[in-house]
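S.K.: Quick one: this structure, given as C-alpha cells, is what I'll be asking you about.
Protein chains in written order, with the working numbering: chain A, 0 to 584; chain B, 372 to 610.
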C-alpha cells in the first residue's frame, strides 16, 4: 500500500528514465534485468514480482497504467507501464518474455490489484497464464471458446488477408461476400469433428465467498446469487454482474464482460493507422472527439510531427466540449439509477444536443466524429463556429452547470443516498489503477493533462478538482467541478485561437510509422485513455492495444460495493460512469 | 290517386318482423365479412401503431442516439412510443440498437422470445443490420436477422434521431398494412420461439446443429462450399 510505503527519497524526474531505473533495480536484484533500452526494461520472468514490489514500495511507482502483451511470433512479450502518482511524467515500461508454448508469467495482482482484469484480458486474448492470479478465467470471450484471438496465427472466420487494404477491394464490383467466402456461410468456424449435437457448455462458475460475520439482526437471511444483466436498464449497456447477496446486502460482485466485445484490437491490427481513427470513435461513444485526440497524439509521437497551432486549439476545444457533455450526461444517468427516471437526464441532454450540433457542423457527424488526423484535424471549423461556441461557453453551459448542481447536488434524498456510499480510499484507488474522476474523487490529484501534458494543455490555467472521502458524493461533485474547469479552458482557448493552417504537411491517408513502440495517453472524461501501438515499419500497426479507463475502473467495483445494499450497488456502478463500448472494446 | 295507393302498403309496417328488419336496416351496418374485417384491421392497426412500447434495450453506440430520440428535441412521444419498458414482457418493439455479439446472441434471442405478440423488431444501424464496421470481427454476428426476423432496417452508423424516427414511421406503415387474417399471432396453436443459439467453440445456431456436425466431419465437402475471390483479368466479362 502506498500509505505504508517508506518515505520517497528521490522525487526528482530522472526516475522516469529507464536507464536510471534499471541501475536501481540492478543494485537490488543484480540478475533481474536482461536488457535496457529506451523502449523499456526487459526483466527475467522469475524476478518480475520482486522487482515490481521493489518499484512499488521503494521507488514509489505506485500506479500500474497498463498491462498488455505482444505476440512476436517466436515468443510472447508481456508489457507493463508504471508511473508514480506523485512524480508524474511519462510511464516506464517493463517487459517480460515468455516462450510460445505453454506461456506463463507471474501475476502482479499481489502488488497491483489493478492488474486483475487486465491480466485476465491478456490470458483471454493471447493465452498467457498468470501464475498466482486469483481468478484466471476468460473475461471477454466465453469459457469454451476455441482459440486465442490476438495471437498472430489466429484467423477469424471472415479472414481475408493479413493486412488492409485487401486485394479484393480494389476492383470495384468484383466482390465476394464474406458469408460466401466462409465455408460455414456465416461468421463462425468450428474445429474438425465437432459433435455439435452432443456439445455441453462448461458450467458457469459462481463466486465463492467466505462466511461472513454473524448477522447483526435476528432475521435469518439467506445467501443468494443474483444474476444482473446483460439486459437491464441500469447496467449502462450490456454489462452483466453476478452478485452474491446476503439478504439485501452485497457480499461480492463479479462483473461478467464481453457482451459488446467487438474485436477492436484484432481489427485494428489489420487496419491501416488512419483506418483505426473511425474505430476509436466507437470505443467510448460519448467522447469520440477525445478518443480521436488520444489516438492522434500517440501516433504523432511516433511520427515525430506536431500539428499547427490552430489545429491544437481546435483539438482542445473539441476535447473540452466533449468532457462537458460527457459529464452532464453521466450525472443524468446517475440520477436515472437513483430512481429519478429520465427528467434530470433530459435537462442534461438539452445542452448536449447543442454541442453535438457544433460537432456535426464541423466533422459531419453528431457522435462518430472521426475528426482528428495525424498532424492536425480533418477540416477547419465553420465560420460561425467560434461565435456559436462562445455563446454556448459564456451563456448556456455555465448556467446549465449551476442549474444541475443546484437541483441535483443539494437534493436531500440524493445526499442521503450518496454520502459515505461506495467509498474507495486513496491508497486503494491508486492500487486498483482507477483513473479519471473516480481516482480524483478519492483525493488523488492526478490528471494526465498536468502529469504528462499533451497537446497544448500546459498553456491553460485550470485546476484539478479532487474529493476528500472518495464516496459517491465526491465522484458526483468532482464531475461538476470538472465541468466548470472545462468551461474555463474553453473560454481561454476561444480567446486565444489563432488563424492559420489546420494540417502539418499534406493530407496522407496511409502514413508510414517508423519502427518502434509508443504508449500514448490522454485524460479522457472517463479517465486515462491509453493507446499502446507497436510499429514494424509497415503501413499497419503490428500491435494495437487500448487501455480503456472504464474497463480498469470496473476492477474496483467489488471493493466499492461490498457491504452496501443492492440498490446502492446500482448507483455506485453509475458513479463510475462506464461505457460498454470501451469496457469490452 | 292510384299511384299513392300502390305505394302506401310498402311503406307501412304491418308486422313485428317487418319492424325489426327495418330497425336492423336503419341502425346496423351490414355487408360482406371481409369488409368487416377490414374495418376491424383499421381499428386494431390504428391503436397498435400509435402505442408501440419499445423495449429499453441498448447494445452499443446506437442506444445513445435512441436516448436522444426520446429526449426533448426529437421527442419520440409524438408517435406514442415514449414508454420504454425495461422488461420484454411489456414491450411490443425491440429496437436492436447496436452490435450484436456472439456472446450476446443467446440473450437477444431469449429477449425476443419473451416478448408478447404482436412484436416487431427494428434493426437500428449498420451493426444490427449486417455487422457494420465490426463485421469482420470474430465475436460479431453479421446482422441480427441471422437470429430473429427483422421488420425494418435503419442504415447509419449511428443513424441520426431523424433516421430512427423515419424508420419507426416505416414500421407504422407496415403495421397499417397488416390484417388479422394473416398475422402470425392469430393462428391456431402455440407459436414456437426462436431456438437460442449455443455458445460452443463458436456460436452454434440451434437450428443448424446437425448440419454443423455433418460438415465438421467432412472437411472436403466443407472446403468446397467456400467461394474464392477471383480477380478478373482485362477483357474478362463480369458475371
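The C-beta atom is built at its ideal place from N, Cα and C for all residues, glycine as well.
Just checking: is the beta-carbon of residue 178 of chain A within a distance shorter than 8 angstroms of some beta-carbon in chain B?
M.R.: Answer yes: the Cβ-Cβ gap between residue 178 of chain A and chain B drops below 8 angstroms somewhere.
S.K.: Apply the 10 Å Cβ neighbour rule to residue 3 of chain A and answer buried if 16 or more other Cβ atoms are within range, or exposed otherwise.
M.R.: Annotation note: pLDDT 44 at residue 3 of chain A (below 50); position unreliable, coordinate value reported separately. It is exposed - the Cβ of residue 3 of chain A has fewer than 16 other Cβ atoms within 10 Å.
S.K.: 8 angstroms is my cut-off, CB to CB: does residue 141 of chain A come that close to chain B?
M.R.: Yes, residue 141 of chain A lies at the interface with chain B (some Cβ there is under 8 angstroms from its Cβ).
S.K.: Following the continuous beta strand (DSSP E) through residue 464 of chain B, name the residue where it begins and the one where it ends.
M.R.: Residues 464-468.
S.K.: So, does the CB of residue 261 of chain A fall closer than 8 angstroms to a CB anywhere in chain B?
M.R.: Yes, its Cβ sits closer than 8 angstroms to a Cβ of chain B.
S.K.: With which residues is residue 254 of chain A paired in a DSSP beta bridge?
M.R.: In the DSSP output, where bridge partners are listed per residue, residue 254 of chain A has A:240.
S.K.: Pairs of beta-carbons, one from the segment 559-578 of chain B and one from the segment 473-493 of chain B, closer than 8 angstroms: are there three or more?
M.R.: As far as the Cβ criterion goes, the segment 559-578 of chain B touches the segment 473-493 of chain B, which means the pair count is three or higher.
S.K.: Curious, which full-length alpha helix (DSSP H) runs of at least 4 residues does the segment 436-491 of chain B contain?
M.R.: Within the segment 436-491 of chain B, the complete alpha helix (DSSP H) runs of at least 4 residues are 476-485.
S.K.: If we require 4 or more residues per run, which alpha helix (DSSP H) segments fall completely within the segment 255-324 of chain A?
M.R.: Whole alpha helix (DSSP H) segments, 4+ residues: 263-269, 276-280, 287-302.
S.K.: Indicate the three-state DSSP secondary structure (helix, strand or coil) for residue 493 of chain B in the structure shown.
M.R.: Three-state result, residue 493 of chain B: strand.
S.K.: Less than 8 angstroms between CB atoms is the rule here; does residue 191 of chain A satisfy it with respect to chain B?
M.R.: Cβ-Cβ to chain B under 8 angstroms: yes for residue 191 of chain A.
S.K.: Check the Cβ-Cβ distances between residue 265 of chain A and every residue of chain B, and say whether any is below 8 angstroms.
M.R.: Answer yes: the Cβ-Cβ gap between residue 265 of chain A and chain B drops below 8 angstroms somewhere.
S.K.: Contact defined as beta carbons within less than 8 angstroms: I believe residue 476 of chain A pairs with residue 326 of chain A. What is the distance between those atoms, to the nearest angstrom?
M.R.: Actually they are not in contact, since the Cβ atoms of residue 476 of chain A and residue 326 of chain A sit about 11 angstroms apart, beyond 8 angstroms.
S.K.: For residue 587 of chain A, count neighbouring C-beta atoms within 10 Å of its own C-beta (all shown protein chains included) and say buried if the count is 16 or more, exposed if not.
M.R.: Because chain A is modelled from 0 through 584, residue 587 of chain A falls outside the range shown and cannot be assessed.
S.K.: By how many angstroms is the C-alpha of residue 161 of chain A removed from the C-alpha of residue 514 of chain A?
M.R.: Distance between the alpha carbons of residue 514 of chain A and residue 161 of chain A: 19 angstroms.
S.K.: Just the Cα atoms here: how many angstroms apart are residue 587 of chain A and residue 399 of chain A?
M.R.: Absent from the model: residue 587 of chain A. The displayed extent of chain A is 0 to 584, so no value can be given.
S.K.: Have a look at the DSSP bridge pairing and note the partners of residue 70 of chain A.
M.R.: According to DSSP, residue 70 of chain A bridges with A:75.
S.K.: Compare the Cα-Cα distances from residue 106 of chain A to each of A:52, A:305, A:154, A:387 and report the closest residue.
M.R.: Considering only alpha carbons, the answer is A:52.
S.K.: Are the C-beta of residue 572 of chain A and some C-beta of chain B separated by less than 8 angstroms?
M.R.: No, because no Cβ of chain B sits closer than 8 angstroms to the Cβ of residue 572 of chain A.
S.K.: Taking residue 569 of chain B as the query, report the chain A residues whose CB atoms sit under 9 angstroms from its CB, ordered along the chain.
M.R.: Result: 195, 198, 200.
S.K.: I'd like the span of the beta strand (DSSP E) that includes residue 544 of chain A, first residue to last.
M.R.: It spans 540-546 - the beta strand (DSSP E) in which residue 544 of chain A sits, taken as one unbroken run.
S.K.: Just verifying my parser: in three-state terms, what is the DSSP assignment at residue 463 of chain A?
M.R.: In the structure shown, residue 463 of chain A sits in coil (DSSP, three-state: anything other than H, G, I, E or B).
S.K.: Quick check on residue 696 of chain B - is its C-beta less than 8 angstroms from some C-beta in chain A?
M.R.: Only positions 372 to 610 of chain B appear in the structure, and residue 696 of chain B is not among them; the question remains open.
S.K.: Anything in chain A within Cβ reach of residue 598 of chain B, meaning under 7 angstroms, just list it in chain order.
M.R.: Simply 175, 179, 180.
S.K.: For residue 540 of chain B, does the count of other Cβ atoms within 10 angstroms reach 16, so buried, or fall short, so exposed?
M.R.: The residue in question, residue 540 of chain B, is exposed, as its Cβ has fewer than 16 Cβ neighbours within 10 Å.
S.K.: At which residues does the beta strand (DSSP E) containing residue 93 of chain A begin and terminate?
M.R.: Per DSSP, residue 93 of chain A belongs to the beta strand (DSSP E) from 91-98.
S.K.: In terms of DSSP beta bridges, what is residue 158 of chain A paired with?
M.R.: None; residue 158 of chain A has no bridge partner.
S.K.: Any beta carbon from chain A within less than 8 angstroms of residue 583 of chain B's own beta carbon?
M.R.: Closer than 8 angstroms to some Cβ of chain A, the Cβ of residue 583 of chain B qualifies, so yes.
S.K.: Hey, is the segment 277-295 of chain A in contact with the segment 354-374 of chain A, meaning 3+ C-beta pairs nearer than 8 angstroms?
M.R.: Flag = yes, the segment 277-295 of chain A and the segment 354-374 of chain A touch.
S.K.: When burial is assigned at 16 or more other CB atoms within 10 Å of the CB, is residue 399 of chain B buried or exposed?
M.R.: It counts as exposed.
S.K.: Within the 8 angstroms Cβ cut-off, does residue 522 of chain B reach chain A?
M.R.: No - not a single Cβ of chain A is within 8 angstroms of the one on residue 522 of chain B.
S.K.: Would residue 77 of chain A pass as an interface residue toward chain B - the criterion being a Cβ-Cβ separation below 8 angstroms?
M.R.: For residue 77 of chain A, the answer is no, since every Cβ of chain B falls outside 8 angstroms of its Cβ.
S.K.: If you check the beta carbons only, do residue 519 of chain B and residue 493 of chain B fall under 8 angstroms apart?
M.R.: No, they are not a contact pair.
S.K.: Enumerated in chain order, which unbroken segments of the beta strand (DSSP E) with a length of 3 residues or greater are wholly contained in the segment 98-136 of chain A?
M.R.: As far as the segment 98-136 of chain A is concerned, its whole beta strand (DSSP E) runs of at least 3 residues are 103-105, 128-130.
S.K.: Below 9 angstroms on C-beta distance, what does residue 575 of chain B contact in chain A?
M.R.: Ordered by position in chain A, the residues that pass the 9 angstroms Cβ test against residue 575 of chain B are 187, 189, 193, 195, 198.
S.K.: Assuming residue 408 of chain B and residue 548 of chain B are in contact, meaning their beta carbons sit under 8 angstroms apart, how far apart are those beta carbons, in whole angstroms?
M.R.: The Cβ separation is near 14 angstroms, so there is no contact.
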